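Participant: Under UniProt numbering, think of the first position of the sequence shown as 1, with each following residue one higher.
In this text, a Cβ means the ideal position worked out from N, Cα and C, and glycines have one as well.
In this text the structure is predicted, and so the values were computed from the model without any measurement.
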Amino acid sequence: MPQGVTNAPSTFQRLMEKCMGELNLKEVLVFIDDLIVFAPTLEEHEERLMKVLNRLKEYGLKLSVEKCMFFQTSVKYLGHVVSQEGVQTDPDKIKTLTTWPVPTNLKELRSFLGFSGYYRRFIEGYSAITKPLHDLTAGYPPAQKSHLSPLPSRLSHIRSLLHSKPASLKSLMDPRQTSLWRIVVNQ
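Below is the structure:
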């Protein structure tokens, strides 16, 4: 599939979901060209991996072996760390948030809210904490500059809450599943 085509990501996602069929969300997680195969035991994992590899072969899809990771108990996936413990924030992304400069204009504020909002599931009461910040995005006239004074403390509060315990993957994985393999697919 040519790169840069507007509908390419959604088209490829549909192809991958069709390719994986009933395996999707039960034995493999699919996000465009990233696949995570998971299982509770190494034997079952190898069996599931073979199913996934056979499906990819049936659909004429090839692996980028240098991007594959095998026999992992923890992988970085979509800005998170997925492991047998559950889903956690990616320390590299959190470092970005903890060093984020205090926004000085509307564009910077929206950028921060978008980035921090990606991790809202890890922050209890995120919407209440950020409501005053979201209110500022309704407009940013000079009169509202006085509203920026609580910004540093709110940012610090959000940053401190991001160092959390793992969220559960109950809906996607059995907690006994200890092995993860990440595969990157190319067509």
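Where does the unbroken beta strand (DSSP E) through A39 begin, and where does it stop?
Facilitator: Note, A39: beta strand (DSSP E), D34 to A39.
Participant: Across which residues does DSSP place K76 in a beta bridge pair?
Facilitator: The partner list for K76 (beta bridge, DSSP) reads V81.
Participant: Can you check which of these residues, T96, S74, K95 and D92, is closest to G86 by C-alpha distance?
Facilitator: Nearest of T96, S74, K95 and D92 to G86, Cα basis: S74.
Participant: Counting C-beta neighbours from all protein chains within 10 Å, is the total for R48 16 or more, i.e. buried, or is it exposed?
Facilitator: Buried, by the Cβ-count rule.
Participant: Work out the CA separation of F71 and G21 for me, nearest whole Å.
Facilitator: Roughly 24 Å between the two C-alpha positions.
Participant: So who's on the other strand from F31, going by DSSP bridges?
Facilitator: Looking at the DSSP assignment, F31 forms a beta bridge with D34.
Participant: Closest to T98 by CA distance: which of F112, L106, K107 and N105 is it?
Facilitator: Answer by Cα proximity: F112.
Participant: To which residues of the same chain is L78 closer than 8 Å at the C-beta, ignoring the five residues directly before and after it?
Facilitator: Around L78: F31 and D34.
Participant: Can you give the beta carbon distance from L109 to L133, rounded, assuming they're within the 8 Å contact cut?
Facilitator: About 6 Å; that satisfies the 8 Å criterion.
Participant: Return the CA-CA distance between S127 and W100, expressed in angstroms with no decimal places.
Facilitator: About 19 Å.
Participant: Cutting at 7 Å between CB atoms, please list the residues of its own chain near F115, excluding the five before and the five after it.
Facilitator: Cβ within range, chain order: L97.
Participant: What three-state label does DSSP hand L61 in the structure shown?
Facilitator: The answer is coil: DSSP assigns L61 none of H, G, I, E or B.
Participant: Which of the three DSSP states, helix, strand or coil, is assigned to N24?
Facilitator: Here N24 sits in strand by DSSP.
Participant: Are the segment 3-13 and the segment 38-45 touching by the rule of at least three beta carbon pairs closer than 8 Å?
Facilitator: No: the two stretches stay apart, fewer than three of their Cβ pairs being nearer than 8 Å.
Participant: The alpha helix (DSSP H) that contains Q112, what's its start and end?
Facilitator: In the sequence as presented, Gln is not what sits at residue 112; that position holds Phe. Segment L106 to G117, the alpha helix (DSSP H) holding F112.
Participant: So P132 is in the alpha helix (DSSP H); what residue range does that whole segment cover?
Facilitator: Counting along the chain, the alpha helix (DSSP H) containing P132 begins and ends at Y126 to L136.
Participant: From R55 to C68, what distance separates their C-alpha atoms?
Facilitator: Cα to Cα, the separation comes out at about 17 Å.
Participant: Thinking C-alpha only, which one of Y119, L136, H80 and I123 is nearest T104?
Facilitator: Of Y119, L136, H80 and I123, the residue nearest in Cα terms is L136.
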